[in-house]
Amino acid sequence: MGYNVKTDIAGLDSGIPSCDLFIDPSLPPNLLHGKVRNVCRTLVKKWSLAHDDELSVSRVSGGITNLLLKVSIKSNTGRDDSVTVRIFGPNTDEVIDRKRELQAIRPLSDAGFGAMLLGVFQNGMVQSFINARTLTPSEMTAPHLASLIAKELRRLHNLDMPGAKDAQLWIDISRLLEKASNLSFDDHLKQQSYETISFKQLREEVRSLKEASHLLNAPVVFCHNDLLSGNFMYSDAEDEIYLIDFEYGSYNYRGFDIGNHFAEYAGFDCDYDLYPDENAQFHFFRYYLNADDPNSVSQAELEKLYVEVNFFSLASHLFWAVWAIVQSKYSSIDFDYLSYYFLRWKEYQRRKAEFMSLLRVSMADLS
-15 MGYNVKTDIA GLDSGIPSCD LFIDPSLPPN LLHGKVRNVC RTLVKKWSLA
35 HDDELSVSRV SGGITNLLLK VSIKSNTGRD DSVTVRIFGP NTDEVIDRKR
85 ELQAIRPLSD AGFGAMLLGV FQNGMVQSFI NARTLTPSEM TAPHLASLIA
135 KELRRLHNLD MPGAKDAQLW IDISRLLEKA SNLSFDDHLK QQSYETISFK
185 QLREEVRSLK EASHLLNAPV VFCHNDLLSG NFMYSDAEDE IYLIDFEYGS
235 YNYRGFDIGN HFAEYAGFDC DYDLYPDENA QFHFFRYYLN ADDPNSVSQA
285 ELEKLYVEVN FFSLASHLFW AVWAIVQSKY SSIDFDYLSY YFLRWKEYQR
335 RKAEFMSLLR VSMADLS
């Protein structure tokens, strides 16, 4: 059955409701929804007596790691009262440190980030529902929404969070590389594709980037580490951005979080022509560095962050490329992870010389 979130939450002595129920995310909708209703009745106290026909279940769009469902009941006022049920994909503990995620949820919630944790079951959690819609990749490029995202991201990066304060990037990518390099596939075509991957080259690229990263002296802050469109929710009525799903959250390089976000403008289709140009990045940086007076940010500050962010976008490509190899073995979600690996790897190779030259020029200017 794999990872049990209930065990880790008990170890944190959090007082968060938990139960032993398990939900198989591959069940057909009618059976899946029945299991989800049972979890909600068990963990959401006010719904304990609700009948099946009172609890509506619908799928929420999002990422490619978990199954996300919205469960609603009509309240006495006639309005929907809703929660979100997140069912972890099988074996996602191979790519996600769930204990680290659980440790962060409560302080993040206290600071106004993400949804409130209402309860956990064996392979997932119930959280409060944020009444907003997820963004699309193209919406993230809109100047107004980009400024809102930048401000919210700076607010996140200013938090003092529990746990290890060292950047986790190279630790996490090394752990994934170790897993990725020792796989085998029953599917003959997958195995053939896997055997074309040069792990020697991947290790050398990671080593080279890690060594070069020391030249930047980049700030280490608490990062989301997965700033794709599905993890931003936007309220049109309130004109407000909400950051959700901190399952990859950790202390990390500031530039990685922003560079990774810019890489996600491409969406899962990996249309990297959508990667923001210098002007679009500078717009984002102005609101990130000084939301109250963005025009006061100096050219030197913009150029320094530009070098940092684009360098770490290379690390983002390597991280998610290696992540995709591991997911291709363990995930049951209908997504071609190996093809995603090759797309990220190809973009890394295409951009490497350009972004490394920015770093070299920057270092030369300082000498």
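First residue of the sequence shown: -15, per the working numbering; consecutive thereafter.
Here a beta-carbon is modelled for each residue, glycine too, at the ideal position from N, C-alpha and C.
Note down the Cα distance separating proline 1 from glycine 103, rounded to an integer number of angstroms. 5 Å
Beta carbon of proline 12, beta carbon of leucine 51: below 8 Å? no
How would you write the range of the alpha helix (DSSP H) that methionine 124 sits in, first residue to last? 121 to 124
Taking only three categories from DSSP, how would you classify methionine 347? helix
Which of the three DSSP states is assigned to methionine 100 in this structure? coil
Measuring straight from C-alpha to C-alpha, what distance separates arginine 25 and alanine 88? 26 Å
Cα-Cα separation, glycine -5 to glycine 108: Here the model assigns glycine -5 a pLDDT of 48, short of 50, so the residue's position is not dependable and the matter cannot be decided.
Give the secondary structure of asparagine 50 by DSSP, where H, G and I count as helix, E and B as strand, and everything else as coil. strand
Compute the beta-carbon to beta-carbon distance between tyrosine 218 and leucine 119, rounded to the nearest angstrom, for a pair I have assumed lies under 8 Å. 6 Å
Please say whether valine 69 and valine 110 have beta carbons closer to each other than 8 Å? yes
Per DSSP, which residues does phenylalanine 216 bridge with? Please list them. Leu227
Going by the DSSP bridge assignment, what does leucine 39 pair with across the sheet? Ile57
Does the count of Cβ pairs from the region 337 to 344 and the region 256 to 274 closer than 8 Å reach three? no
I need the DSSP call for phenylalanine 169, collapsed to helix, strand or coil. coil
Isoleucine 309 and alanine 164: beta carbons closer than 8 Å? yes
Give the DSSP-derived three-state secondary structure of isoleucine 71 in the structure shown. strand
Roughly how many angstroms lie between the CA atoms of asparagine 279 and arginine 270, to the nearest whole one? 7 Å
The beta strand (DSSP E) enclosing aspartate 236, as first and last residue numbers: The sequence shown places asparagine at residue 236, not aspartate. It spans 234 to 237 - the beta strand (DSSP E) in which asparagine 236 sits, taken as one unbroken run.
Where aspartate 241 sits in the DSSP three-state scheme: helix
When we look at the beta-carbon of lysine 30 and count the other beta-carbons within 10 Å, is it buried (16 or more) or exposed? exposed
Report yes if the CB atom of leucine 140 is closer than 8 Å to the CB atom of histidine 208, and no otherwise. yes
Leaving out five residues before and five after leucine 137 in sequence, what residues of the same chain have Cβ atoms less than 8 Å from its Cβ? His208, Leu211, Leu227, Asp241, Ile242, His245, Tyr272
Proximal residues to alanine 148 (C-beta, below 8 Å), its chain only, five neighbours per side dropped: Ser234, Tyr235
Under the three-state DSSP convention, the category phenylalanine 206 falls into: strand
Bridge partners - serine 300, DSSP secondary structure assignment: Serine 300 pairs with nothing; no bridge assigned.
For histidine 128 and chain C, any beta-carbon pair shorter than 8 Å? The structure shown contains no chain C; it holds only a single protein chain.
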